[in-house]
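In what follows, a single structure is set out as structure tokens and then discussed.
Residue numbers (the UniProt record's numbering): 1 to 161.
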């Protein structure tokens with residue numbers, strides 16, 4: 001505001017107006033630098049400064065409804081032909097994946113070289129529309145092994161399932 005007011009004498013062609021404008025401009029810059037630079041120190045001295053905290057992010061524990069996804073849990077029972085099967089050999093639908101395996105009480109994120117073992121617990125996530133296909137495929141491999149489709153196993157539920 002002071003700089004704007006200092007332009008009025010210049011607009012009115014008052015003698016020495018540019019000198020007044022220069023002085024006002026320098027004073028505004030000096031006061032701004034002094035006040036701006038000392039403000040954090042004065043706030044700390046008066047104990048009115050708030051500590052800087054990082055912004056929190058929103059993490060949902062399982063927003064599966066919003067994502068249109070399904071979470072499935074699989075336990076590899078004794079006698080299952082899932083034992084020894086590499087994850088890519090499951091041939092799950094493209095929008096389904098094994099995201100966590102718990103073996104001997106230790107969870108880990110599986111990779112393509114991971115084999116399922118007896119007693120493993122696995123968490124699978126799939127799109128809502130492919131859940132049934134993923135279940136059929138898991139059931140088929142559990143019954144007939146990695147070559148289930150070639151052996152004619154479709155993975156349909158039985159009376160026991």
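Cβ coordinates follow ideal geometry from the N, Cα and C atoms, glycine included.
Keep in mind it's a predicted model, so treat the numbers as computed, not measured.
Residues of its chain near residue 118, where Cβ-Cβ distance is below 6 Å and the 5 sequence neighbours each way are ignored:
Closer than 6 Å at the Cβ level, and outside the excluded window around residue 118, lie 76, 78 and 83.
Confirm, please, whether the CB-CB distance from residue 122 to residue 162 is below 8 Å.
The chain is shown from 1 up to 161; residue 162 falls before or after that span and cannot be answered.
Given this structure, state the Cα-to-Cα distance separating residue 35 from residue 21, to the nearest angstrom.
For residue 35 and residue 21, the distance between alpha carbons rounds to 21 Å.
Based on Cα-Cα distance, which residue from 39, 6 and 32 lies nearest to residue 23?
Comparing Cα-Cα distances from residue 23 to each of 39, 6 and 32, the minimum goes to 6.
What's the C-alpha gap between residue 16 and residue 25?
Roughly 14 Å separates the two Cα atoms.
On the three-state DSSP scale, how would you describe residue 138?
If DSSP states are grouped into helix, strand and coil, residue 138 belongs with the helices.
Reducing DSSP to helix, strand and coil, say where residue 75 ends up.
Secondary structure of residue 75 (DSSP, three-state): strand.
Extent of the continuous alpha helix (DSSP H) to which residue 51 belongs:
Careful: residue 51 lies outside any alpha helix (DSSP H) and carries neither H nor E.
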